[in-house]
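Numbering of the sequence shown is given in our numbering, commencing with residue 183 and proceeding in unit increments. Glycine residues also receive a C-beta, built at the ideal position from the N, C-alpha and C atoms. Notes to accompany the following structure.
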Amino acid sequence: MNADKFLEIIDNTPLVSIDIILRNSEGHILLGKRVNKPAEGFWFVPGGRIRKNETLKAAMQRISLVELGFEIDLHHAEMIGAFDHIYDDNFNATDGVNTHYVALGYNVKMDSQNKVKNDSQHSDMVWMSESELINSEHVHSNTKAYFL
183 MNADKFLEII DNTPLVSIDI ILRNSEGHIL LGKRVNKPAE GFWFVPGGRI RKNETLKAAM
243 QRISLVELGF EIDLHHAEMI GAFDHIYDDN FNATDGVNTH YVALGYNVKM DSQNKVKNDS
303 QHSDMVWMSE SELINSEHVH SNTKAYFL
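Take a look at the structure:
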């Protein structure tokens with residue numbers, strides 16, 4: 183989809199996404215430092231948009247493969263709820279156009295056989311405890327909402 187068409191969609195409707203709250207064996211949560219708007223420069227849980235006609239199962243597999251380097255089966259994820267993520271800006275930094283996501287949050291336990299690979303959406307990845315991320319000014323409030 184070209185940028186103008188995507189901007190028109192963002193200006194007129196919410197986007198639906200999946201956010202992956204991935205926990206390791208110590209209970210720490212994986213966060214990536216975002217390189218793109220919205221939420222550029224903040225630590226955020228991995229996730230992405232659901233495409234039109236894409237099932238939740240297929241979206242989880244695609245998003246986890248792109249963002250983490252391995253597929254997560256939706257049956258191994260526990261939905262914790264739907265969350266509004268509203269940002270003052272957009273991917274294109276166009277004035278007057280905000281971004282609204284309805285994010286479906288899923289808890290996932292990390293399989294010790296899987297290894298996380300950094301992707302192009304994040305400059306770095308880090309594991310944080312719930313208390314660390316809640317108390318960090320560098321973790322986006324929309325990520326903190328999953329734990330409050």
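Just how far apart, CA to CA, sit residue i and residue j?
| i | j | result |
| --- | --- | --- |
| Arg231 | Ile262 | 17 Å |
| Ile203 | Thr281 | 21 Å |
| Ile254 | Lys234 | 20 Å |
| Tyr288 | Glu260 | 5 Å |
| Asp346 | Phe252 | Nothing about residue 346 can be read from this structure; the chain reaches only from 183 to 330. |
| Asp271 | His320 | 18 Å |
| Ile316 | Asp306 | 19 Å |
| Gln243 | Val284 | 19 Å |
| Leu189 | Asn218 | 15 Å |
| Glu222 | Phe273 | 9 Å |
| Tyr269 | Ala275 | 11 Å |
| Glu314 | Thr237 | 34 Å |
So the candidates are the options; which of them puts its Cα closest to the Cα of residue i?
| i | options | result |
| --- | --- | --- |
| His322 | Gln243, Pro220, Leu250 | Pro220 |
| Asn206 | Asn324, Gln295, His304 | Gln295 |
| Gly209 | Glu312, Lys187, Asn184, Met307 | Glu312 |
| Leu256 | Phe224, Asn218, Ile200 | Ile200 |
| Val308 | Leu250, Phe265, Ile268 | Leu250 |
| Asp301 | Phe188, Gly214, Ile192 | Gly214 |
| Val248 | Lys299, Asn274, Thr276 | Lys299 |
| Phe329 | Lys297, Gly278, Phe265 | Phe265 |
| Phe226 | Lys239, Ile211, Ile192 | Ile211 |
| Leu197 | Lys326, Phe224, Leu286 | Leu286 |
Applying the criterion that 16 or more other CB atoms from any shown protein chain within 10 Å of the CB defines a buried residue, is residue i buried or exposed?
| i | result |
| --- | --- |
| Asn184 | exposed |
| His267 | buried |
| Ala241 | buried |
| Asn194 | exposed |
| Gly278 | exposed |
- Message: Please give the ranges of any alpha helix (DSSP H) in the stretch 266-323, keeping only runs that are unbroken, at least 4 residues long and fully inside the region.
- Response: List check, alpha helix (DSSP H) in window: 312-317.
- Message: Please give the ranges of any alpha helix (DSSP H) in the stretch 197-269, keeping only runs that are unbroken, at least 4 residues long and fully inside the region.
- Response: 238-250
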